[in-house]
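A.B. asks: The structure that follows is given in the form of structure tokens.
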Amino acid sequence: MKQWWQSLNKREQNLVMAAAAVVALAILYWGIWSPIANANETAKQRLLNQQQTLIWAQQQGELIIASGPSQKNAGKVNVSQSVSSSARQQRITISRIQPKGDEVEVWIENVPFNQLMTWLKMLSQRYGIVVENVDLDEGKEPGIVGVRRLRLGKAE
703 MKQWWQSLNK REQNLVMAAA AVVALAILYW GIWSPIANAN ETAKQRLLNQ
753 QQTLIWAQQQ GELIIASGPS QKNAGKVNVS QSVSSSARQQ RITISRIQPK
803 GDEVEVWIEN VPFNQLMTWL KMLSQRYGIV VENVDLDEGK EPGIVGVRRL
853 RLGKAE
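The letter at position 121 of the sequence shown is residue 823 when you use the numbering used here, and the numbering goes up by one with no holes.
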């Protein structure tokens with residue numbers, strides 16, 4: 703290699719060194735810098751989308767709470783029965799339900815978030831059943847959530 707290099711005249715050596723520098727810069731840019739910058743931009747966009755979803759979910763929760771329970775059925779509602787039947791009507795599959803006095807705890811594997819909010823709003827308006835506590839997991843697809851635990855009870 704050294705012999706080949708020395709066989710080149712000064713002009714050719716300069717040209718080879720310039721080409722090597724350009725190739726090294728190209729490798730650094732397209733092999734390292736560009737992928738990092740693209741991943742950073744993708745992460746920023748994903749964070750922004752998740753923040754917007756969180757804000758929307760909080761607004762929907764506030765709307766459900768603000769709508770208040772329906773008082774016409776509040777006194778004579780069987781919480782467990784109402785939750786089960788309304789979930790079937792909304793095509794929500796409950797994986798586990800556990801009654802606890804005037805409350806019920808519910809687990810749901812995967813459900814579209816909008817469908818869950820519609821169901822909870824219906825429970826509040828139609829049966830006077832409100833959310834006492836909820837623990838959600840992010841689903842594998844956008845807009846899908848898993849309900850690890852949802853505690854529902856009669857409005858007071």
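Ideal placement from N, C-alpha and C gives every residue a C-beta, glycine not left out.
Predicted, not measured: the structure shown is a model, and the values here were computed from it.
Count the other C-beta atoms from every protein chain shown that fall within 10 angstroms of the C-beta of L825, then say buried if there are 16 or more, exposed otherwise.
C.D. replies: As a position in the sequence shown, residue 825 is number 123, starting the count at 1. Label assigned to L825: buried.
A.B. asks: Under the rule that 16 or more other beta-carbon atoms within 10 Å means buried, what is G733, buried or exposed?
C.D. replies: If you number the sequence shown from 1, residue 733 lands on position 31. Exposed, by the Cβ-count rule.
A.B. asks: Nearest-angstrom Cα distance between A739 and Q752?
C.D. replies: For this step, residue 739 is matched to residue 37 along the sequence shown. For this step, residue 752 is matched to residue 50 along the sequence shown. Taking the straight line from one Cα to the other gives about 20 Å.
A.B. asks: Would you call the segment 842-858 in contact with the segment 795-811, where contact means no fewer than 3 C-beta pairs closer than 8 Å?
C.D. replies: yes
A.B. asks: Let me confirm a value: K856 is counted as buried when at least 16 other C-beta atoms fall within 10 Å, else exposed. Which label applies?
C.D. replies: For the purposes of this step, residue 856 is taken as the residue at position 154 of the sequence shown. Flag for K856 reads buried.
A.B. asks: If you measure between the beta carbons of V833 and L818, is that distance less than 8 Å?
C.D. replies: Your numbering for residue 833 matches position 131 in the sequence shown. Your numbering for residue 818 matches position 116 in the sequence shown. Contact flag unset, no.
A.B. asks: Over what stretch of residues does the alpha helix (DSSP H) that includes N816 continue unbroken?
C.D. replies: Numbered from its first residue, the sequence shown carries residue 816 at position 114. Element bounds for N816: 815-824.
A.B. asks: Name the DSSP beta bridge partners of V849, please?
C.D. replies: Translated into the one-based positions of the sequence shown, residue 849 becomes position 147. DSSP, once it has assigned bridges, lists I810, L838 as partnering V849.
A.B. asks: Using a C-beta cutoff of 8 Å, does L838 count as contacting chain B?
C.D. replies: You won't find chain B in this structure, because it holds only one protein chain.
A.B. asks: Could you compute how far the alpha carbon of L756 sits from the alpha carbon of D837?
C.D. replies: Within the sequence shown, residue 756 is the residue found at index 54, counting from 1. Within the sequence shown, residue 837 is the residue found at index 135, counting from 1. Taking the straight line joining both Cα atoms gives about 14 Å.
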